[in-house]
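Taking numbering that gives the first Met the number 0, I'd label the letters of the sequence shown as residues 0 to 321.
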Amino acid sequence: MEKKGCLGIPRALMFYRYFPFWHTFFETLGWKVMVSDGVRRKEKIIYFEDSCLPMKLLVTHAIQLKDKVDHLFIPRLVSLHRTYMMCPKFRGAPDIVRLATEGSVSVIDETIDLRKGGISLFQSFLKIGEKLNASKSESKKAFQEAEKSFSKFQKEWIDRIHCLPTRQLFEIDIPIPPAGRKAPLRVAFIGHPYNLFDTDINKDLLALTKRLGMEVLTSDFLSEKEIDREVSGLSKEIYWSSGREIVGSLFHFLSGGVDGVVFLTSFKCGIDALLQEFIKRRLKVRGGSSTPLLILSFDEHTGREGLTTRLEAFRDVMEQRK
Ligand code: SF4
């Protein structure tokens with residue numbers, strides 16, 4: 000079928016969770032989806048503002064795509080839960096991209112705010128379909144296909160993370176090789192999805208971990224219920240959805256089942272700075288943790304060599320404890 004045009008999705012931020020959904024929705028509506036490549040050797044990250052690295056990468060990726068596509072898809076993510084909020088930078092993301100691209104490309108920036116109830120996600124995607132001249136029934140069908148594709152992707156997640164290189168984790172319809180031998184050490188990686196899976200941020204820490212003989216787990220392995228159970232005892236509710244997920248999964252993994260936990264944070268991220276402080280205090284109250292914890296902070300100057308040294312040292316600590 001001839002495509003209606005080309006729609007660009009920057010390989011940044013919540014691409015690292017929702018790409019399978021977005022990809023299927025737009026492809027079912029008859030649009031070709033183009034994803035940015037990532038930062039190639041010698042290419043500069045765009046310093047659009049004094050922001051966290053994930054936001055700078057969004058701008059860099061949007062600029063890579065702007066002359067190749069008819070529209071960029073940068074949703075205004077306000078809330079992805081009934082109660083909790085996204086970081087305010089997500090609200091401004093489409094405007095930042097418009098400024099950085101000087102209005103040279105159309106930006107589809109529909110608001111997604113799930114505090115309004117279960118049907119609001121569907122309504123947002125109906126409006127997105129409308130902007131792309133799709134009828135209500137076409138958008139409805141595309142939305143249903145996207146839900147199916149996302150659920151299939153989630154079921155494959157454990158195999159994907161064990162068997163695929165990090166760059167291919169979000170490729171759709173890719174054959175997943177059979178799992179190899181189980182690694183002797185199990186390490187849980189906690190953080191915002193883009194910190195965990197964007198190799199331009201973390202220098203492909205997951206591949207390095209696997210190469211050093213460790214098995215990778217992430218909070219995507221946990222259900223909402225498990226996270227709720229961990230955060231329900233806190234004296235103060237965590238307002239940010241990502242913060243809640245990070246703290247819940249961190250305490251879940253620290254209480255057993257893995258040999259170590261690595262928390263990946265972004266330098267200049269206010270939420271991560273607060274969470275680190277919160278986690279340290281909480282651990283102090285609990286009398287520490289018997290599971291080793293490593294906190295790594297990333298910015299554009301982070302080097303691979305330093306990371307390797309820290310990860311090797313962390314592996315030694317885990318081996319001694321084991
Ligand atoms: S949560 Fe932190 S890292 Fe993520 S966009 Fe907001 S400030 Fe940046």
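Note that beta-carbon positions come from the ideal geometry of N, C-alpha and C, so glycine has one too.
Keep in mind it's a predicted model, so treat the numbers as computed, not measured.
Have a look at residue i and residue j and give me their C-alpha separation to the nearest angstrom.
i	j	result
Trp239	Tyr83	5 Å
Gly190	Leu64	27 Å
Asp49	Val38	19 Å
Leu163	Thr23	21 Å
Gly269	Cys86	9 Å
Phe262	Asn201	12 Å
Val5	Leu131	A quick correction: the sequence has Cys, not Val, at residue 5. Rounded to the nearest angstrom, the two C-alpha atoms are 11 Å apart.
Ala145	Lys135	15 Å
Ser119	Gly286	43 Å
With DSSP as the reference, identify every bridge partner of residue i, one or two as the case may be.
i	result
Ala187	Leu216 and Val260
Asp197	Asp197 is not bridged to any residue.
Phe297	Ser265
His70	Leu6 and Ser105
Trp239	Met84
Ile111	Leu76
Lys321	Answer is none; Lys321 lacks a bridge partner.
Val32	Leu6
Leu292	Val260
Measure the beta-carbon distance from residue i to residue j and round it to whole angstroms, keeping in mind my assumption that it falls under 8 Å.
i	j	result
Val356	Val246	The structure shown does not extend to residue 356, since the chain is modelled only from 0 to 321, so the question has no answer here.
Gly7	Leu71	5 Å
Val104	Val77	No, Val104 and Val77 are not in contact; Cβ-Cβ is about 23 Å, not under 8 Å.
Leu125	Arg81	In fact, because the Cβ distance is near 20 Å, the residues do not count as touching under 8 Å.
Leu310	Thr208	7 Å
Thr198	Arg166	6 Å
CB-CB under 6 Å to residue i, same chain, minus the five flanking residues each way: which ones, in chain order?
i	result
Asp161	Reading the sequence as shown, one finds His at residue 161 and not Asp. The answer, listed in chain order, is Ala178.
Ala11	Leu56, Leu57 and His60
Phe18	Phe169
Leu282	Ser288
Ala133	Leu28
Asp158	Ile175
Asp298	Leu52 and Phe266
Going along the chain, which residues of its own chain have a beta-carbon closer than 8 Å to the beta-carbon of residue i, five neighbours each way excluded?
i	result
Leu184	Gly212, Met213, Glu214, Asp258, Gly259, Arg314, Met317, Glu318 and Lys321
Ile73	Pro9, Leu57, Ala61, Ala92, Pro93, Val96, Val106, Ile107 and Asp108
Just to confirm my understanding: we take residue i, look at its own chain, exclude 5 residues before and 5 after, and list those with CB closer than 7 Å. What are they?
i	result
Leu274	Gly242, Ile245 and Val246
Ile44	Val38, Lys55, Leu56, Thr59 and Glu299
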